[in-house]
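In case it helps, UniProt numbering puts the sequence shown at residues 1 to 186.
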Amino acid sequence: MVTTRVLVAYATRNRATAGIAERIGADLISAGLDVQVAPAKAVHTVRGYDACVLGSAIYAGRWEHDAREFADRFGDDLAGHPVWVFSSGPLDRSAEERDIPPVDTARAAAEKVHARGHRTFGGRLREDARGFFGLARRMGRRGAADYRDEQAIDSWAHELARELGADGSPTDGSPTGRPPSGEPSS
Ligand SMILES: Cc1cc2nc3c(=O)[nH]c(=O)nc-3n(C[C@H](O)[C@H](O)[C@H](O)COP(=O)(O)O)c2cc1C
Numbered sequence: 001m002v003t004t005r006v007l008v009a010y011a012t013r014n015r016a017t018a019g020i021a022e023r024i025g026a027d028l029i030s031a032g033l034d035v036q037v038a039p040a041k042a043v044h045t046v047r048g049y050d051a052c053v054l055g056s057a058i059y060a061g062r063w064e065h066d067a068r069e070f071a072d073r074f075g076d077d078l079a080g081h082p083v084w085v086f087s088s089g090p091l092d093r094s095a096e097e098r099d100i101p102p103v104d105t106a107r108a109a110a111e112k113v114h115a116r117g118h119r120t121f122g123g124r125l126r127e128d129a130r131g132f133f134g135l136a137r138r139m140g141r142r143g144a145a146d147y148r149d150e151q152a153i154d155s156w157a158h159e160l161a162r163e164l165g166a167d168g169s170p171t172d173g174s175p176t177g178r179p180p181s182g183e184p185s186s
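Here you go:
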């Protein structure tokens, strides 16, 4: 049996999106797929992959440069392969309550990679995030907050695995055994 090889590429500033990408990767591995998770900037070729997931944090209403550039670099190579994109952004529960459409730059990138679908997940704000104090003042926030929704991430990853024909179905809700922290593992 040939195992489907999936690349999960992400663009992040403060690792919240990295944590989501790593969780998606772990879910896909649990479903029996062969997965590499990597920063979009570090990817030099998509040859050898059968499918791809591309994610980016949203800052000031835009996808990160590395994710946009990934779509520019590999859009043609990914034509004909299943691709999905996700955004990490809202610092509230809105992404759990409704489907949040892609920002313009995400939509443009999704078109370039011929994405089958887009999903917005809640984000995380760290105390030391760049621009945090200005944003916090504007949003009336005092502290850090993590709105990443593990269940939503897992269930989206399982949908992707099903579309890729993977037969494994991890359903215990914690395939990684840890939250999508995005912290470098020690
Ligand atoms: C200065 C600043 C601007 C932001 N702008 C947006 C925005 O326009 N839309 C949005 O949904 N989230 C916005 N966010 C929230 C981030 O997208 C969220 O914290 C994300 O999870 C960060 O991902 P990262 O840790 O991978 O960089 C902003 C956060 C900061 C600190």
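Quick reminder that beta carbons are idealized off the backbone N, C-alpha and C, glycines included.
For the beta strand (DSSP E) assignment, the uninterrupted runs of no fewer than 3 residues enclosed by the stretch 46–104 are, from N- to C-terminal side, 51–59, 83–88. With fewer than 16 other Cβ atoms from the protein chains shown falling within 10 Å of its own Cβ, T3 counts as exposed. Going by DSSP, H158 is part of the alpha helix (DSSP H) stretching over 150–163.
P82 counts as buried, since at least 16 other C-beta atoms from the protein chains shown sit within 10 angstroms of its C-beta. For T120, there is no enclosing alpha helix (DSSP H); the residue is found in the beta strand (DSSP E) stretching over 117–121. The criterion of a C-beta distance shorter than 8 Å is not satisfied by R126 and F86. The beta-carbon distance between F121 and A157, rounded to whole angstroms, is 11 Å. This is too long to meet the 8 Å contact definition.
In the DSSP assignment, A42 falls outside any alpha helix (DSSP H) and carries neither an H nor an E.
A residue is called buried once 16 or more other Cβ atoms fall within 10 Å of its Cβ, and S88 is buried on that count. Spatial neighbours of R62 in its own chain (CB-CB distance under 7 Å, excluding positions within 5 residues in sequence) are listed in chain order as V103, T105. Taken from the Cβ of A42, every heavy atom of ligand 1 lies 7 Å or farther away. Residue nearest to A152 within the set A31, A144, E97 is E97 (criterion: CA-CA distance). Rounded to whole angstroms, the Cβ separation of A71 and L54 is 7 Å, and the two are in contact under 8 Å.
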